[in-house]
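**Student:**
Protein chains: 2
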Amino acid sequence: MIPMNLLRGGNKADYILTGSWGKKAIKEASRYCEVNVAFDASAESGKFTMAPSQDQLNLSDDAAYVHYVPNETIEGVAFPYVPEVGDKPLVADFSSCILSSEIDVSKFGVIYAGAQKNVGPAGLTLVIVREDLIGETIDGTPTMFNYKTHADADSMYNTPPTYAWYLAGLVFAWLKELGGLAGMSEVNVRKAGKLYAAIDNSSFYANPVALDSRSLMNVPFTLADAELDATFLAGAKDAGLVTLKGHRSVGGMRASIYNAMPEEGVDALIAFMAEFEKKHG
Amino acid sequence: MIPMNLLRGGNKADYILTGSWGKKAIKEASRYCEVNVAFDASAESGKFTMAPSQDQLNLSDDAAYVHYVPNETIEGVAFPYVPEVGDKPLVADFSSCILSSEIDVSKFGVIYAGAQKNVGPAGLTLVIVREDLIGETIDGTPTMFNYKTHADADSMYNTPPTYAWYLAGLVFAWLKELGGLAGMSEVNVRKAGKLYAAIDNSSFYANPVALDSRSLMNVPFTLADAELDATFLAGAKDAGLVTLKGHRSVGGMRASIYNAMPEEGVDALIAFMAEFEKKHG
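As given, the protein sequences belong to chains A and B, one line each in that order.
Plus 83 on top of the position in the first sequence (first one is 1) and you've got our numbering.
Plus 83 on top of the position in the second sequence (first one is 1) and you've got our numbering.
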């Protein structure tokens, strides 16, 4: 949908690659235009464990837009800053970090995010498009894939997913009560901070991501002995701590501590990890 | 999505036009191929009030597929039979009548239906595709619009709308308890039968649709005096009967009596209509 709406006569786009979602976005965009990978964070090690700094970006002059993923869900890699891309529209897949902290929307051409992490139930996608980027699509774009269709119809061109929409409204109200995204961000910084501290202060657990690129939402970690993974998961389950298995591409564990995960949940995980280390470390 | 997956090298498709949804389907298909309107039910009167008989269909030899809408929601026009289209794939938009009665799936190339009428909450679409029609798309088809993407991934290429899916499962279980679609169909025939009888036996209410093309799901009707429409709607609302206003393109009222509308709801509407006629007729 991004290249269909944003190429606008161009034939090239810049993609900053820091994880699995970026990879998928590049694969799809390559079907519609030339993709310049402005940075491939896996180039050296074959793994995604860092976000590039601004001066590492190899942006092209003739790109129609620049795409990046502020938070890579599987790898737990996040950008500590918003890339500067000159007068090109900046496009960001915020799926796994939308609503986790404040965003300066004015810096973006397009923000898009699946609802299923921090907004509401799966089945809803949130899209914010700068008005001047709406309406010029490539030939053959399905009407449903044209941003103009949705903008003109107040997002109700088709019957929208009403119940998911309603629940998202309740989530927005809850966020306001917490002090908005600034308030939510404080909680998230605290939650992630404790968990990374517990990992870093142990010689049994490790997180491979560069210190300045660590995600507030997804915290992958490995055990000193991967043979213990199954025992860890079973014990965690008994303690009421579930869906901790990491993606097979990175192995180990991943704690996804989205907005909806209360601080007590993180505390319980840290306590379980300490106990497990004492027994098996 | 239909032309993108079903043209398969062809450049023409047959569309049978019996109402508003068919019109929209034709508009979108015309962007991808030549559309032969195999029958335009509005050709004579400008209105959609009947489904053609089999021998009225003007099918073309070189169409890649034949599309029709078994139940037109706004006009309340339904097909009393499944069109015979030879060896062409028959494609049907079952959005407003899926699960209302049994379907011989083997007669269709593609069946598609939005969930929001008889399946579950809005935000889910049900698609049944004959296996040999999967996988050949026109150039530039987005990956998400390729039936093969969803078939290969068991409909979980993206995060599916899990909650809507779960609720649909509860609806399926409920239908099984009622005796499946055969049981549901009996109820629907009874509900619609009484309502049409009430309309036809009155000189105050009228339904414009040909007897053999009347929908079991959507029953439009007009009052003898359109000036009374607002009074009717206000009175109905006071009696707990809502969303009865007809679409502006047909005027009058429309009672949508989907599976979830209990027979008592139809009885209450009929009672209110009789009382209203007594007072204002």
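Ideal placement from N, C-alpha and C gives every residue a C-beta, glycine not left out.
1) Taking C-alpha atoms, which residue in A/142, A/107, A/334 and A/136 lies nearest to residue 121 of chain A?
2) Mind checking residue 224 of chain B: buried by the 16 CB within 10 Å criterion, or exposed?
3) For residue 225 of chain A, return the contacting residues in chain B, with the cut-off set at a CB-CB distance below 8 Å.
4) Note down the Cα distance separating residue 199 of chain A from residue 281 of chain B, rounded to an integer number of angstroms.
5) For residue 304 of chain B, does the three-state DSSP call read helix, strand or coil?
6) First and last residue of the beta strand (DSSP E) that includes residue 99 of chain B?
7) Can you name, in chain order, every residue of its own chain whose Cβ lies under 8 Å from the Cβ of residue 116 of chain B, other than the five neighbours on each side?
8) So, at 6 Å on beta carbons, what are the nonlocal neighbours of residue 336 of chain B in its own chain, with the 5 sequence-adjacent residues on each side left out?
9) Distance, Cα to Cα, residue 310 of chain B vs residue 279 of chain B?
10) Just tell me which of A/84, A/175 and A/164 has its CA closest to the CA of residue 196 of chain A.
11) Is residue 139 of chain A close to chain B, meaning its C-beta is less than 8 Å from at least one C-beta of that chain?
12) Could you give the distance in angstroms between the alpha-carbon of residue 168 of chain A and the alpha-carbon of residue 128 of chain B?
13) Measure the alpha-carbon distance for residue 113 of chain A versus residue 126 of chain A and round it to whole angstroms.
14) Would you mind stating whether residue 204 of chain B and residue 180 of chain B have Cβ atoms separated by less than 8 Å?
15) Closer than 8 Å, CB to CB, is residue 204 of chain A near chain B or not?
16) Return the CA-CA distance between residue 255 of chain B and residue 212 of chain A, expressed in angstroms with no decimal places.
17) In whole angstroms, what is the alpha-carbon distance linking residue 257 of chain B and residue 247 of chain B?
18) Bridge partners of residue 176 of chain A, per DSSP?
19) Is the beta carbon of residue 182 of chain A sitting closer than 8 Å to the one on residue 166 of chain A?
20) Would you check if there are 3 or more beta carbon pairs closer than 8 Å linking the stretch 99 to 110 of chain B to the stretch 131 to 138 of chain B?
21) Could you please give me the residues that DSSP links to residue 224 of chain B through a beta bridge?
22) Could you tell me the distance, in whole angstroms, from the CA atom of residue 161 of chain B to the CA atom of residue 232 of chain A?
23) Grab the span of the beta strand (DSSP E) containing residue 122 of chain A for me, first residue to last.
24) Cβ of residue 365 of chain B less than 8 Å from any chain A Cβ?
25) Going along the chain, which residues of its own chain have a beta-carbon closer than 7 Å to the beta-carbon of residue 333 of chain A, five neighbours each way excluded?
26) Where does residue 201 of chain A sit, in a helix, a strand or coil, going by DSSP?
27) If you count every other CB in all the chains shown that lies within 10 Å of the CB of residue 239 of chain B, and 16 or more means buried, which is it?
28) Taking only beta-carbon atoms, is residue 247 of chain B less than 8 Å away from chain A?
29) Below 7 Å CB to CB, which residues in the same chain sit around residue 298 of chain B once its five sequence neighbours on both sides are set aside?
30) Any beta-carbon of chain B closer than 8 Å to the one on residue 314 of chain A?
31) Is residue 328 of chain A helix, strand or coil by DSSP?
32) Would you check if the distance between the CB atom of residue 88 of chain A and the CB atom of residue 209 of chain A is smaller than 8 Å?
33) For residue 326 of chain A and chain B, any beta-carbon pair shorter than 8 Å?
34) Taking Cβ positions only, does residue 197 of chain B come closer than 8 Å to chain A?
35) Verify the CB distance criterion: does residue 156 of chain B have a CB-CB separation below 8 Å to chain A?
36) So the candidates are A/356, A/193, A/338 and A/262; which of them puts its Cα closest to the Cα of residue 286 of chain A?
**Tutor:** In terms of the structure at hand:
1) Looking up residue 121 of chain A in the first sequence gives position 38. Answer by Cα proximity: A/142.
2) One-based indexing of the second sequence puts residue 224 of chain B at position 141. Buried is the call here.
3) By 1-based counting over the first sequence, the position of residue 225 of chain A is 142. Here the neighbours are 84, 87, 111, 225 and 228.
4) Within the first sequence, residue 199 of chain A is the residue found at index 116, counting from 1. Within the second sequence, residue 281 of chain B is the residue found at index 198, counting from 1. Each residue's Cα considered, the two are about 47 Å apart.
5) The count along the second sequence starts at 1 and reaches residue 304 of chain B at position 221. When secondary structure is reduced to three states using DSSP, residue 304 of chain B falls in the strand class.
6) Sequence index remark: in the second sequence, residue 99 of chain B carries index 16 (1-based). DSSP places residue 99 of chain B inside the beta strand (DSSP E), whose first and last residues are 95 to 100.
7) Residue mapping note: residue 116 of chain B aligns to position 33 of the second sequence, counting from 1. Cβ within range, chain order: 86, 90, 93, 94, 95, 96 and 147.
8) Start at 1 with the first residue of the second sequence, and residue 336 of chain B comes out as number 253. Close CB contacts of residue 336 of chain B within its chain, under the 6 Å cut and outside five residues either way in sequence, are with 304, 327 and 329 (chain order).
9) Translated into the one-based positions of the second sequence, residue 310 of chain B becomes position 227. Translated into the one-based positions of the second sequence, residue 279 of chain B becomes position 196. Looking at the two C-alpha atoms, the distance is approximately 22 Å.
10) For the purposes of this step, residue 196 of chain A is taken as residue 113 along the first sequence, with counting starting at 1. Relative to the Cα of residue 196 of chain A, the nearest Cα in the group A/84, A/175 and A/164 belongs to A/175.
11) Translated into the one-based positions of the first sequence, residue 139 of chain A becomes position 56. So, not an interface residue.
12) Along the first sequence, read from residue 1 onward, the residue named residue 168 of chain A stands at position 85. Along the second sequence, read from residue 1 onward, the residue named residue 128 of chain B stands at position 45. Approximately 58 Å between the Cα atoms of the pair.
13) Here residue 113 of chain A corresponds to residue number 30 of the first sequence, with the count starting at 1. Here residue 126 of chain A corresponds to residue number 43 of the first sequence, with the count starting at 1. If I take the Cα positions, the gap works out to 19 Å.
14) Counted from its first residue, the second sequence places residue 204 of chain B at position 121. Counted from its first residue, the second sequence places residue 180 of chain B at position 97. Contact flag unset, no.
15) By 1-based counting over the first sequence, the position of residue 204 of chain A is 121. Residue 204 of chain A belongs to the set of residues whose beta carbon lies under 8 Å from a beta carbon in chain B.
16) If you number the second sequence from 1, residue 255 of chain B lands on position 172. If you number the first sequence from 1, residue 212 of chain A lands on position 129. So the two alpha carbons sit approximately 38 Å from each other.
17) Your numbering for residue 257 of chain B matches position 174 in the second sequence. Your numbering for residue 247 of chain B matches position 164 in the second sequence. So the alpha carbons of these two residues sit roughly 15 Å apart.
18) By 1-based counting over the first sequence, the position of residue 176 of chain A is 93. Looking at the DSSP assignment, residue 176 of chain A forms a beta bridge with A/195.
19) Residue 182 of chain A sits at position 99 when you count from the first residue of the first sequence. Residue 166 of chain A sits at position 83 when you count from the first residue of the first sequence. Going by C-beta atoms, residue 182 of chain A is not nearer than 8 Å to residue 166 of chain A.
20) Counting Cβ pairs under 8 Å, three or more are found: they touch.
21) Taking the first residue of the second sequence as position 1, residue 224 of chain B is located at position 141. Beta-bridge pairing links residue 224 of chain B to no other residue.
22) In the second sequence, residue 161 of chain B corresponds to position 78, counting from 1. In the first sequence, residue 232 of chain A corresponds to position 149, counting from 1. For residue 161 of chain B and residue 232 of chain A, the gap between their C-alpha atoms comes out near 29 Å.
23) Reading the first sequence from its first residue, position 39 is the one you call residue 122 of chain A. Per DSSP, the continuous beta strand (DSSP E) segment holding residue 122 of chain A begins and ends at 117 to 123.
24) This structure cannot settle anything about residue 365 of chain B, because the visible part of chain B is limited to 84 through 364.
25) Walking along the first sequence from the start, residue 333 of chain A turns up at place 250. Once the five neighbours on either side are set aside, the close Cβ partners of residue 333 of chain A are 157, 158 and 303.
26) Locating residue 201 of chain A in the first sequence gives position 118, where the first residue counts as 1. Three-state DSSP puts residue 201 of chain A in coil, outside helix and strand.
27) As a position in the second sequence, residue 239 of chain B is number 156, starting the count at 1. Burial call: exposed.
28) Along the second sequence, read from residue 1 onward, the residue named residue 247 of chain B stands at position 164. Under the Cβ distance rule, residue 247 of chain B counts among the residues neighbouring chain A, one pair being separated by less than 8 Å.
29) Working through the second sequence from its first residue, we reach residue 298 of chain B at position 215. Hits under 7 Å: 154, 159, 160 and 161.
30) By one-based count along the first sequence, residue 314 of chain A stands at place 231. Output row for residue 314 of chain A: interface = no.
31) Taking the first residue of the first sequence as 1, we reach residue 328 of chain A at position 245. Note: residue 328 of chain A maps to strand in three-state DSSP.
32) To locate residue 88 of chain A, count along the first sequence from 1; it is residue 5. To locate residue 209 of chain A, count along the first sequence from 1; it is residue 126. No Cβ-Cβ contact shorter than 8 Å links residue 88 of chain A with residue 209 of chain A.
33) Here residue 326 of chain A is taken as the residue at index 243 of the first sequence, counted from 1. Not an interface residue.
34) For the purposes of this step, residue 197 of chain B is taken as residue 114 along the second sequence, with counting starting at 1. Yes, residue 197 of chain B counts as interfacial toward chain A.
35) For the purposes of this step, residue 156 of chain B is taken as the residue at position 73 of the second sequence. No, because no Cβ of chain A sits closer than 8 Å to the Cβ of residue 156 of chain B.
36) Walking along the first sequence from the start, residue 286 of chain A turns up at place 203. Closest option to residue 286 of chain A, Cα to Cα, is A/356.
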